[in-house]
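Colleague:
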Amino acid sequence: MTVAPTTEVSRLLREEFDSVLDAWFATQKREGVRRPDLFSDRESRRQLSDLLRAFSEALSRIDITEAVDIDADNWSELRMALSEITLVRTERGVAPWEMTAFMLALKQPVFEMLSKNLADRTDRLLAEAADFGRVVDALAMHINEYFIAERDEIIERQRAEMMELSTPVVQLWERVLTIPLIGTLDSMRAQEVMENLLNSIVEHSAEVVIVDITGVRVVDTQVAQHLLRTAAAVRLMGAEAIISGISPKIAQTMVELGVDVGEVTTRPSIRAALAEAFRRVGFQISRIEDTRV
Amino acid sequence: MSEAASIYTVDKVLLVAIRDNITDTDIINLQEDLSERIVSEAARGVVIDIAALEIVDTFVGRILAQLSSISRLLAAETYIVGMRPAVAMTLVELGMDLPGSKTALSLSHALRALKAKGLA
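Listed in order, the protein sequences are those of chains Z and E.
Under full-length UniProt numbering, think of the first position of the first sequence as 1, with each following residue one higher.
Under full-length UniProt numbering, think of the first position of the second sequence as 1, with each following residue one higher.
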């Protein structure tokens with residue numbers, strides 16, 4: 001391992017640890033990112049000192065005059081300490097910008113101390129301030145990335161859950177299936193819908209499937225295209241598709257868009273579609289006369 | 001008769017079973033055999049069972065469409081039956097949704113439909 005040249009910054013963090021810590025703490029307080037409502041003074045100080053210790057250790061090992069790559073192996077300890085604190089703080093409701101400001105608040109006190117200690121050596125002062133600034137910036141950026149990654153994960157998980165929840169194929173009657181579509185129909189979901197539907201047709205030997213779009217918010221040319229392709233695939237399997245839940249508004253939009261449904265059967269409501277489905281598979285619903293009030 | 005596809009006569013209906021490993025030449029031979037059998041047996045119904053078919057391309061798709069068009073010209077109503085979900089999705093993806101062909105879920109569905117029309 002290469003030994004980093006001793007810099008004023010790393011000396012400061014090592015020998016004047018407590019005063020740097022106090023100054024950092026004070027800056028955070030002044031900038032309003034300390035969040036005393038969420039963390040006690042003791043807890044906050046412990047977080048800061050853990051982070052500062054990891055920082056100081058990293059600086060004593062790594063030459064920061066070269067390019068800073070926070071994702072590299074030799075930064076892993078500091079990175080872990082930072083991630084841990086970010087996690088703890090965000091779980092209690094600290095906003096992303098506050099967490100970034102929390103890190104950046106270290107700059108000012110260190111710059112002040114540097115300028116005091118290196119007042120007679122301007123070139124070294126500038127170089128060290130610049131290097132130190134770069135490291136803190138990289139850490140702040142790492143915090144942001146952490147947030148983004150966290151959110152992406154949540155979004156991805158919810159998308160997968162939504163996908164599972166939103167494509168249920170229900171058997172309405174012998175040989176009659178329905179798939180109620182809700183929300184938006186993008187290419188990915190359309191594919192999922194088609195797959196589920198076709199497999200269910202085989203499973204139930206269904207002859208009629210009702211694709212209900214009552215819950216679909218917007219029908220544009222792309223959604224219409226997805227629906228018609230689903231209907232075409234259903235027909236190829238030897239079953240028939242009925243698209244139901246076409247509101248007057250959607251009917252007008254579809255015509256304005258120039259969507260031609262061809263031979264696909266459409267019905268305004270799922271009720272009308274069910275009646276048509278019964279007719280095709282040879283069932284009939286009749287009222288029991290005596291029970292009429 | 002090629003091995004990749006066989007034509008059987010069931011109740012005046014010609015049943016064509018297509019196997020999965022069908023080649024382009026097989027399918028062209030099938031086209032020829034089928035059209036001759038329709039005429040020689042005066043068949044009014046044809047059922048093409050593609051349940052064994054796992055992979056389709058544009059060529060197979062086109063031949064399927066052609067088979068039903070030829071049969072229709074020779075006065076035999078043609079059903080394509082037993083298509084797998086993956087095959088259906090591929091054909092739609094390729095834009096070949098066989099507009100002129102009739103389809104049914106299975107052989108028995110197709111036979112029932114043909115019987116209802118008095119063609120079987």
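Glycine residues also receive a C-beta, built at the ideal position from the N, C-alpha and C atoms.
Small disclaimer: the values here were computed from a predicted structure and weren't measured.
Pair every Cβ in the segment 54-69 of chain Z with every Cβ in the segment 127-135 of chain Z, then say whether three or more of these pairs are closer than 8 Å.
Modeller: yes
Colleague: Closer than 7 Å by beta-carbon distance: list the chain B residues that pair up with S205 (chain Z), in chain order.
Modeller: Judged by its chain identifiers, the structure shown contains no chain B, and its protein chains are Z and E.
Colleague: Anyone know if the C-beta pair for residue 298 (chain Z) and V208 (chain Z) falls short of 9 Å?
Modeller: Residue coverage of chain Z in this structure runs from 1 to 293, which leaves residue 298 (chain Z) outside it and unanswerable.
Colleague: If we count Cβ pairs, one from each stretch, closer than 8 Å, do we get three or more for the segment 14-33 of chain Z versus the segment 98-112 of chain Z?
Modeller: yes
Colleague: Does the segment 156-172 of chain Z come within contact of the segment 44-59 of chain Z, defined as at least 3 CB pairs closer than 8 Å?
Modeller: no
Colleague: DSSP three-state call for Q171 (chain Z): helix, strand or coil?
Modeller: strand
Colleague: With 16 other CB atoms within 10 Å as the buried threshold, where does R44 (chain E) fall?
Modeller: By the neighbour-count rule (16 or more Cβ atoms within 10 Å), R44 (chain E) is buried.
Colleague: Name the residues in the segment 80-99 of chain E whose C-beta lies less than 7 Å from a C-beta of chain Z; which are they?
Modeller: Taken in chain order, the members of the segment 80-99 of chain E whose beta-carbon sits within less than 7 Å of a beta-carbon on chain Z are V81, M83, P85, A88, M89, L91, V92, D97 and L98.
Colleague: Give, in chain order, every residue of the segment 221-240 of chain Z whose Cβ lies closer than 7 Å to some Cβ of chain E.
Modeller: R229, A232, A233, R235, L236, M237, G238 and A239
Colleague: Examine the Cβ distances between the segment 108-118 of chain Z and the segment 8-17 of chain Z and report whether three or more of them are shorter than 8 Å.
Modeller: yes
Colleague: Around the C-beta of K115 (chain E), are 16 or more other C-beta atoms found within 10 angstroms, so that it is buried, or is it exposed?
Modeller: exposed
Colleague: Could you check how far apart the C-beta atoms of residue 121 (chain E) and I7 (chain E) are, in whole angstroms? I think they sit under 8 Å.
Modeller: This structure does not reach residue 121 (chain E), given that chain E is present from 1 up to 120, and the question cannot be answered.
Colleague: In the structure shown, what three-state DSSP assignment does P36 (chain Z) receive?
Modeller: coil
Colleague: Using the C-alpha atoms, what's the distance from M141 (chain Z) back to D73 (chain Z)?
Modeller: 17 Å
Colleague: Tell me whether W97 (chain Z) is buried or exposed, calling it buried when 16 or more other Cβ atoms sit within 10 Å of its Cβ.
Modeller: exposed
Colleague: Have a look at M1 (chain Z) and W75 (chain Z) and give me their C-alpha separation to the nearest angstrom.
Modeller: In this prediction, M1 (chain Z) has a pLDDT of 42, which is less than 50 and means its spatial position is unreliable; what the coordinates show is noted afterwards. In this structure, the alpha-carbon of M1 (chain Z) lies about 13 Å from that of W75 (chain Z).
Colleague: By how many angstroms is the C-alpha of G82 (chain E) removed from the C-alpha of residue 296 (chain Z)?
Modeller: The requested residue 296 (chain Z) is not part of the displayed model; chain Z covers only 1 to 293.
Colleague: Report back the beta-carbon spacing between M254 (chain Z) and A224 (chain Z) to the nearest angstrom; my notes put them in contact at under 8 Å.
Modeller: 6 Å
Colleague: Do you know whose CA, among Z:A129, Z:S200 and Z:L106, lies nearest V176 (chain Z)'s CA?
Modeller: Residue Z:S200 is the option with its Cα nearest to V176 (chain Z).
Colleague: With contact counted as at least three CB pairs below 8 Å, one residue from each stretch, are the segment 9-19 of chain E and the segment 35-51 of chain E in contact?
Modeller: yes
Colleague: For A17 (chain E), which residues does DSSP report across the bridge?
Modeller: E:S6 and E:D49
Colleague: Of the residues Z:R235, Z:S187 and Z:R217, which one's Cα is nearest the Cα of V202 (chain Z)?
Modeller: Z:R235
Colleague: What does M194 (chain Z) reach in chain E if we use C-beta pairs closer than 7 Å?
Modeller: In chain order: M89.
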